[in-house]
Amino acid sequence: MSTLLEVSGVSVSFDGFRAINNLSFRIADAEMRAVIGPNGAGKTTFMDIVTGKTKPDEGRVLWGEKSVSLLKMSEAKIAQAGVGRKFQKPTVFEDQSVQENLLMALKKPRGWFPVLSYRPSGEDLAKVATLANDIGLGDALLRKSGELSHGQKQWLEIGILLAQEPRLLLVDEPAAGMTPEEREKTTDILVEAARTRAVVVVEHDMEFVRRLNCKVTVLHEGSVLAEGSLDHVTSNQDVIDVYLGR
Ligand SMILES: Nc1ncnc2c1ncn2[C@@H]1O[C@H](COP(=O)(O)OP(=O)(O)OP(=O)(O)O)[C@@H](O)[C@H]1O
Ligand SMILES: [Mg+2]
């Protein structure tokens, strides 16, 4: 499969501390990838670099068939190019229904979407219904978002991102604060999303990572320590020493 994202030789220091150290790896189109590693390994910083929040000191971050550099682009431009990122704290509009939140998030040509006079088309409503089903909120379309459980709000947040049709979705510790049932449902949602786009998931919960059933990249001190199947990386002695055996 063709490469969607290529990070190569990337380093970034904060006050002389090398948080990312000559980091290189690739994500393919429509690939699911888990990124694991100890606290401070650079997992979140990696996402900050891809989304343009942090500019690296060295290295390349190339995107898409044309290998355009993301490093010269603003955060807004990178998002427009198809990189979506889920933050821990949901940004759903609590007073609006699930349906309204998803309608507002639908990808529209720029300048096309006069919010005040907006009447959803049948096509938009159908898209939103499909999205809601994909995130397990098919029966909650008309519920006020503020009334959803913590897990359901997280799923709505994922739905809002999917409504933008990103080619790459970055998700940092999605299972935090979720019940076991919600965790299981979240893996289903992410696996489904990765059928049509790349999804990169940072997560400490190994059961969660196992259910993603994908290639795993282990970061340590800002570099790739090991990569491969979960069984492969979890039997690696270095990985056991720095992460699993803590
Ligand atoms: N803006 C910043 N300024 C200074 N130091 C930073 C900044 N961002 C990250 N760091 C440092 O860089 C290192 C990597 O942090 P990062 O948040 O990427 O780790 P992580 O792998 O996401 O860890 P965790 O599993 O705890 O979320 C840490 O030592 C952190 O303190
Ligand atoms: Mg982090």
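Residue 219 in UniProt numbering sits at position 219 of the sequence shown, and the numbers go up by one each step. For every residue, glycine included, the Cβ atom is placed at its ideal position computed from N, Cα and C.
Assuming residue i and residue j make a contact with CB atoms under 8 Å, what is their CB distance in whole Å?
| i | j | result |
| --- | --- | --- |
| aspartate 124 | leucine 103 | 6 Å |
| histidine 220 | alanine 41 | 5 Å |
| leucine 170 | methionine 47 | 5 Å |
| arginine 167 | glycine 245 | Arginine 167 to glycine 245, Cβ: 37 Å. No contact. |
| valine 224 | isoleucine 36 | About 11 Å; that fails the 8 Å criterion. |
| glutamate 75 | lysine 53 | 6 Å |
With C-beta atoms as the reference, is residue i less than 7 Å away from residue j?
| i | j | result |
| --- | --- | --- |
| valine 218 | proline 38 | no |
| leucine 131 | glycine 177 | no |
| arginine 26 | threonine 51 | no |
| arginine 210 | leucine 230 | yes |
| valine 201 | alanine 34 | yes |
| glycine 151 | glutamate 182 | yes |
| methionine 32 | valine 199 | yes |
| glycine 84 | glutamine 164 | yes |
| valine 10 | isoleucine 20 | yes |
| threonine 44 | aspartate 172 | yes |
| asparagine 213 | alanine 226 | no |
| asparagine 101 | serine 145 | yes |
| glutamate 157 | lysine 86 | yes |
| leucine 71 | tryptophan 63 | no |
| arginine 197 | alanine 79 | no |
Strictly under 7 Å for the Cβ-Cβ distance: is residue i near chain B by that measure?
| i | result |
| --- | --- |
| proline 180 | No chain B appears in the structure shown, which is made up of a single protein chain. |
Per DSSP, which residues does residue i bridge with? Please list them.
| i | result |
| --- | --- |
| leucine 5 | Ile27, Trp63 |
| serine 97 | Lys144 |
| lysine 86 | Val171 |
| isoleucine 58 | In the sequence as displayed, the identity of residue 58 is glutamate instead of isoleucine. In the DSSP output, where bridge partners are listed per residue, glutamate 58 has Ser11. |
| serine 74 | Paired residues: none, contrary to the question. |
| arginine 119 | In DSSP, arginine 119 forms no bridge with anything. |
| valine 68 | Trp63 |
| methionine 32 | Val199 |
| isoleucine 20 | Val12 |
task = When you get a sec, list the residues whose CB is within less than 7 Å of any heavy atom of ligand 2, chain order please.
result = Lys43, Thr44, Asp172, Glu173, Val202
key: Ordered list of beta strand (DSSP E) runs contained in the region 178–244, each at least 3 residues   = 198–202, 215–220, 223–228
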